[in-house]
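For the sequence shown, the working numbering assigns the number 1 to the initial residue and increments by one for each residue that follows. Every residue, glycine too, gets a C-beta built ideally from N, C-alpha and C. Only a predicted model underlies this, so the values are computations on that prediction, with no experimental measurement involved.
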Amino acid sequence: MRYLDDQNKNDLTENQLKITKILRREGLLNGQDKSIRFIPLSGGVSSDIFLVTDGKSKVVLKQALEKLRVRDDWYADVTRNRFEHEYLRYVSKLDKTIVPEVLYFNDEMGFFVMEYLDDFRSWKSDLLNKKLSKKYARKAGEILGNIHRISWNDKELFQKFDTTKQFIQLRVDPYFYTAGKKNVEFLKLFEQEGKRLIQHRKCLVHGDYSPKNLLVKNDRMVIIDSEVAWYGDPTFDVCFLLNHLFLKAIYNDELAPDYMELASEFWDTYMETLGKEHLADIERYVGMLLLMLMIARVDGKSPVEYITDERKKQIIRTFVKTNLGEDFSKDPVQKISNIWTKTILEECRRG
Numbered sequence: 001m002r003y004l005d006d007q008n009k010n011d012l013t014e015n016q017l018k019i020t021k022i023l024r025r026e027g028l029l030n031g032q033d034k035s036i037r038f039i040p041l042s043g044g045v046s047s048d049i050f051l052v053t054d055g056k057s058k059v060v061l062k063q064a065l066e067k068l069r070v071r072d073d074w075y076a077d078v079t080r081n082r083f084e085h086e087y088l089r090y091v092s093k094l095d096k097t098i099v100p101e102v103l104y105f106n107d108e109m110g111f112f113v114m115e116y117l118d119d120f121r122s123w124k125s126d127l128l129n130k131k132l133s134k135k136y137a138r139k140a141g142e143i144l145g146n147i148h149r150i151s152w153n154d155k156e157l158f159q160k161f162d163t164t165k166q167f168i169q170l171r172v173d174p175y176f177y178t179a180g181k182k183n184v185e186f187l188k189l190f191e192q193e194g195k196r197l198i199q200h201r202k203c204l205v206h207g208d209y210s211p212k213n214l215l216v217k218n219d220r221m222v223i224i225d226s227e228v229a230w231y232g233d234p235t236f237d238v239c240f241l242l243n244h245l246f247l248k249a250i251y252n253d254e255l256a257p258d259y260m261e262l263a264s265e266f267w268d269t270y271m272e273t274l275g276k277e278h279l280a281d282i283e284r285y286v287g288m289l290l291l292m293l294m295i296a297r298v299d300g301k302s303p304v305e306y307i308t309d310e311r312k313k314q315i316i317r318t319f320v321k322t323n324l325g326e327d328f329s330k331d332p333v334q335k336i337s338n339i340w341t342k343t344i345l346e347e348c349r350r351g
């Protein structure tokens with residue numbers, strides 16, 4: 001995360017004054033109100049995210065928003081803050097180094113406080129700036145594979161993360177149904193995939209597993225922003241991450257083959273970590289879901305902000321529509337990445 005414009009945070013809102021009082025009581029802040037600052041952090045589309053400091057101590061506060069900060073109207077249940085907290089708690093028991101430490105949780109006010117990870121950066125910033133690390137691609141695959149494998153068929157988690165309502169609000173409706181309505185020839189396919197996702201509940205899913213939400217520093221990678229956490233379809237997490245690598249390949253089109261190498265590294269490590277016994281539940285769905293997410297991040301309610309070139313948007317649409325009916329049930333990532341690389345190199349050179 002990075003700082004946004006630092007406004008004068010000595011003038012605290014009523015909500016911030018309440019939170020300050022609580023954090024002072026919990027021993028997370030010291031000093032008078034006039035010394036406390038709430039500094040907005042980037043990434044706050046669905047939540048208010050602040051670096052809260054008294055000049056010495058630094059913590060990160062996250063509070064879910066009912067209306068998300070996007071162009072279209074998009075509302076979601078704020079109880080997702082509770083499930084984000086529960087996800088971080090669960091994963092910390094598996095490996096406390098891959099999530100930030102949660103310092104305080106307040107269910108009534110819908111916020112939690114976690115450690116501030118100084119000097120960490122998002123993997124997204126590396127990727128956009130053409131810093132392509134296979135090490136981080138493999139790390140992302142290993143982390144996700146372990147979480148999925150360990151939580152597979154866990155009846156307790158199935159009940160605890162029964163958040164299908166939130167998943168529909170935050171993913172199925174704004175991604176699949178919205179994109180389908182803008183590409184009506186495939187609307188039925190999008191609707192069918194949305195229904196399949198809802199019914200295919202196998203393990204604990206992050207729901208927003210993207211380079212933006214993977215912070216890196218040296219050999220460490222940390223997961224954040226798990227508010228879409230759901231006991232559901234593991235294919236969604238896999239394709240969500242792959243999709244961002246595919247889209248960045250057309251953003252920095254001259255490096256398309258290199259981004260596809262990262263996609264292969266991620267996928268191969270994920271498969272190896274997850275184990276062969278679960279792959280059949282994932283591999284056959286990857287192709288269609290990946291293609292749908294590509295067009296969803298152009299025509300859905302949350303388009304990626306870095307693809308602004310209308311010609312590139314049209315290349316994505318055409319690529320998806322051309323390949324949606326193809327059979328990618330075996331070796332989907334390699335097959336699609338080969339076609340995507342060829343498409344990018346041909347179409348972008350033509351421009």
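query: By a C-beta neighbour count over all protein chains shown, 10 Å radius and 16 as the cutoff for buried, is L51 buried or exposed?; result: buried
query: So within the stretch 187–254, which uninterrupted beta strand (DSSP E) runs reach at least 3 residues, ignoring any that extend past its ends?; result: 203–205, 214–217, 220–223, 230–232
query: By how many angstroms is the C-alpha of T13 removed from the C-alpha of Q199?; result: 42 angstroms
query: What do you get for N15, buried or exposed, if any count of 16 or more other CB atoms within 10 angstroms of its CB means buried?; result: exposed
query: Can you name the residues that DSSP bridges to S122?; result: L215
query: What residues in its chain sit with their C-beta under 8 angstroms from that of E185, if we drop five residues either side in the sequence?; result: K321
query: Would you call L291 buried or exposed, if buried means 16 or more other Cβ atoms sit within 10 Å of its Cβ?; result: buried
query: Whole angstroms are fine: how far does the CA of V99 sit from the CA of L241?; result: 17 angstroms
query: Are the stretch 340–350 and the stretch 244–256 touching, with three or more C-beta to C-beta distances below 8 angstroms?; result: yes
query: For my contact list, P211 and L132 are in at a C-beta cut-off of 8 angstroms; report their separation, rounded to the angstrom.; result: At roughly 11 angstroms, the Cβ-Cβ gap does not stay under 8 angstroms, so P211 and L132 are not in contact.
query: Put V59 into one of helix, strand or coil per three-state DSSP.; result: strand
query: Mind checking whether H65 and V113 have CB atoms under 7 angstroms apart?; result: Looking at the sequence shown, residue 65 is not His but Leu. Cβ distance not < 7 angstroms, so L65 and V113 don't count as in contact.
query: Just verifying my parser: in three-state terms, what is the DSSP assignment at T13?; result: coil
query: Would V222 pass as an interface residue toward chain C - the criterion being a Cβ-Cβ separation below 7 angstroms?; result: Absent here is chain C; the protein component of the structure consists of one chain.
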